[in-house]
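K.L.:
Let me give you the structure first, and then I'll get to my questions.
Residue numbers (our numbering): 1 to 138.
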């Protein structure tokens, strides 16, 4: 009678190690993918904070001026556009040329901030818009 063997054969150990290796590689791939997504989310959050800061700068100005400003900050390029919003005519009989703002007349201004950055999958951007009341240009 042969004594009963205890333990695993070399083949069984090699198969178990191969299965564990496949599982570990899959887990590491998931981890690196989530790190990449977290980095993308961080860059987008930074861009939103920068765009909000640029809009706030325009909103706090005493006197608004129509125009466009552009610059770069770190990995981000930005553009801010400030312009008066044209009046909407009430009827088709009204002529836009008849409506000139009086000195000191208030109207709506559009403030747009766009922040762009280069991501691994191409260029991305964030755009914020708001309106504020201010003196219209004469």
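Backbone N, C-alpha and C define an ideal beta-carbon position, used for all residues, glycine too.
Alpha carbon to alpha carbon, what distance is there between residue 64 and residue 50?
P.N.:
C-alpha separation (whole angstroms): 20 Å.
K.L.:
Give me whichever residues DSSP pairs with residue 122 in a beta bridge.
P.N.:
The partner list for residue 122 (beta bridge, DSSP) reads 119.
K.L.:
Go to residue 72, then tell me how far its beta strand (DSSP E) extends in each direction, as first and last residue.
P.N.:
Residues 67 to 73.
K.L.:
I need the boundaries of the alpha helix (DSSP H) containing residue 46, first residue and last residue.
P.N.:
Per DSSP, residue 46 belongs to the alpha helix (DSSP H) from 10 to 59.
K.L.:
My understanding is that residue 111 touches residue 132, with C-beta atoms under 8 Å, so please give their C-beta distance in whole angstroms.
P.N.:
Their Cβ separation, rounded to whole angstroms, is 6 Å, which keeps residue 111 and residue 132 in contact under 8 Å.
K.L.:
Looking at residue 81 and residue 68, is the spacing between their C-beta atoms short of 8 Å?
P.N.:
Contact: yes.
K.L.:
Alpha carbon to alpha carbon, how far is residue 109 from residue 29?
P.N.:
Spanning the two alpha carbons is a distance of roughly 49 Å.
K.L.:
Could you pull the start and end residues of the beta strand (DSSP E) that residue 77 belongs to?
P.N.:
Counting along the chain, the beta strand (DSSP E) containing residue 77 begins and ends at 76 to 84.
K.L.:
Determine the burial state of residue 141: buried for a count of at least 16 other Cβ atoms within 10 Å of its Cβ, exposed for fewer.
P.N.:
Outside the shown range of the chain, which is 1 to 138, sits residue 141, and nothing can be said about it.
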